[in-house]
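Read the structure below first, then the notes.
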Amino acid sequence: LPTILLYSVIIPCCGTRPRKRAKIVGGTDAQAGSWPWQVSLQMERYGHVCGASLVASRWLVSAAHCFIQAHALLNAAATRQIRRIILHSQYDQFTSDYDIALLELSAPVFFNELVQPVCIPASSHAFTSGTSCFVTGWGVLSEEGELATLLQEATVNIISHNTCNKMYDDAVTPRMLCAGNIQGGVDACQGDSGGPLVCLERGRRWFLAGIVSWGEGCARQNRPGVYTRVIKFTDWIHQQTKGQV
Numbered sequence: 035l036p037t038i039l040l041y042s043v044i045i046p047c048c049g050t051r052p053r054k055r056a057k058i059v060g061g062t063d064a065q066a067g068s069w070p071w072q073v074s075l076q077m078e079r080y081g082h083v084c085g086a087s088l089v090a091s092r093w094l095v096s097a098a099h100c101f102i103q104a105h106a107l108l109n110a111a112a113t114r115q116i117r118r119i120i121l122h123s124q125y126d127q128f129t130s131d132y133d134i135a136l137l138e139l140s141a142p143v144f145f146n147e148l149v150q151p152v153c154i155p156a157s158s159h160a161f162t163s164g165t166s167c168f169v170t171g172w173g174v175l176s177e178e179g180e181l182a183t184l185l186q187e188a189t190v191n192i193i194s195h196n197t198c199n200k201m202y203d204d205a206v207t208p209r210m211l212c213a214g215n216i217q218g219g220v221d222a223c224q225g226d227s228g229g230p231l232v233c234l235e236r237g238r239r240w241f242l243a244g245i246v247s248w249g250e251g252c253a254r255q256n257r258p259g260v261y262t263r264v265i266k267f268t269d270w271i272h273q274q275t276k277g278q279v
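Residue numbering for the sequence shown is 35 to 279, as defined by the working numbering.
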């Protein structure tokens with residue numbers, strides 16, 4: 035099963051970052067520990083393959099498309115073994131609808147200043163268009179580039195569903211969320227899949243608004259990143275984790 039890179043008994047409040055501030059296309063290097071819920075899913079032979087978000091001591095959220103060939107992950111050595119992978123039963127690999135997965139860890143991680151869970155939003159929560167959020171990951175730094183060696187972060191803006199659907203010829207379902215810059219230049223890319231799109235709410239806590247899912251190329255004009263809309267899956271997450279998240 036995939037290796038996850040987390041370092042670690044304080045039970046935290048979700049969505050908090052260290053007070054001391056310790057690739058995304060068009061992004062910048064993130065300081066160590068600045069996004070304490072970011073997880074790297076790694077395979078022994080390939081290294082980093084996808085991102086994920088820590089949402090509880092035993093649970094990660096990622097994208098279903100990272101695990102279509104889950105059998106290929108079984109031989110990877112694990113720092114934290116994955117006990118099981120739960121793909122959404124309605125995931126469609128052709129349309130990328132319902133692109134969400136839960137990963138249960140065989141042993142809990144221990145929270146500290148550098149390891150914290152991100153908050154899961156209520157299903158009634160709305161991330162309004164124009165909201166400035168962050169996407170993070172170790173994906174490639176350009177469309178044909180190499181994977182980042184340092185965690186990358188970039189500011190992207192939430193784009194309205196109608197605007198995004200016009201750019202993608204109605205391929206964006208209600209379970210998807212768009213974010214980026216219409217002019218291009220900043221975006222998630224290959225290797226960032228499954229990672230978090232987080233938004234700061236009320237200036238205090240970070241909430242998981244989206245999961246890196248798909249797009250056309252990387253950082254192209256009028257082709258923003260498309261994310262799994264987490265509020266559509268809040269109840270599913272609670273049900274599958276039996277209230278642990």
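In this text, a Cβ means the ideal position worked out from N, Cα and C, and glycines have one as well.
Endpoints, the alpha helix (DSSP H) within which residue i is located
i           : result
residue 124 : No alpha helix (DSSP H) holds residue 124; DSSP gives it neither H nor E.
residue 272 : 268-274
residue 207 : No alpha helix (DSSP H) contains residue 207, which DSSP labels as neither H nor E.
Of the residues the options, the one placed nearest residue i, counting alpha carbons only
i           : options            : result
residue 246 : 159, 171, 189      : 171
residue 232 : 47, 90, 166        : 166
residue 194 : 185, 118, 216, 186 : 216
residue 70  : 257, 86, 100, 203  : 86
residue 212 : 102, 188, 242, 163 : 163
residue 93  : 145, 227, 207      : 145
residue 168 : 48, 190, 150       : 190
residue 209 : 50, 262, 272, 186  : 262
residue 242 : 257, 52, 78, 88    : 88
residue 132 : 143, 236, 206, 257 : 206
residue 326 : 72, 134, 78        : An answer regarding residue 326 cannot be provided, because it is not within the stretch 35 to 279 covered by the chain.
residue 51  : 123, 147, 187, 228 : 147
residue 73  : 228, 236, 127, 204 : 228
residue 125 : 102, 142, 138      : 102
residue 155 : 256, 236, 257      : 236
Segment limits, beta strand (DSSP E) that includes residue i
i           : result
residue 170 : 166-171
Close beta carbons around residue i, own chain, < 6 Å, minus the five adjacent residues each side
i           : result
residue 159 : 265
residue 120 : 136, 274
residue 248 : 130, 260
residue 234 : 240
residue 270 : none
residue 140 : 115, 117
residue 199 : 206
residue 153 : 48, 49, 239, 241
residue 97  : 133, 227, 228, 245, 247
residue 272 : none
residue 192 : 161, 163, 165, 213
Sheet register partners of residue i (DSSP bridge)
i           : result
residue 80  : None; residue 80 has no bridge partner.
residue 135 : 96, 121
residue 212 : 193, 260
residue 235 : 239
residue 90  : 93
residue 245 : 230, 262
residue 85  : 74
residue 146 : 149
residue 116 : 139
Distance cut-off 7 Å: residue i Cβ against heavy atoms of the ligand GDP
i          : result
residue 82 : Ligands are entirely absent from the displayed structure, and the ligand GDP is therefore not among its contents.
8 Å Cβ shell around residue i - same chain, five flanking residues per side excluded
i          : result
residue 90 : 151, 275, 278, 279
7 Å CB neighbourhood of residue i in its chain, flanking five on each side removed
i           : result
residue 267 : 134
Below-8 Å beta-carbon distance, residue i vs any chain C residue
i          : result
residue 86 : Looking for chain C here will not work: only one protein chain is present.
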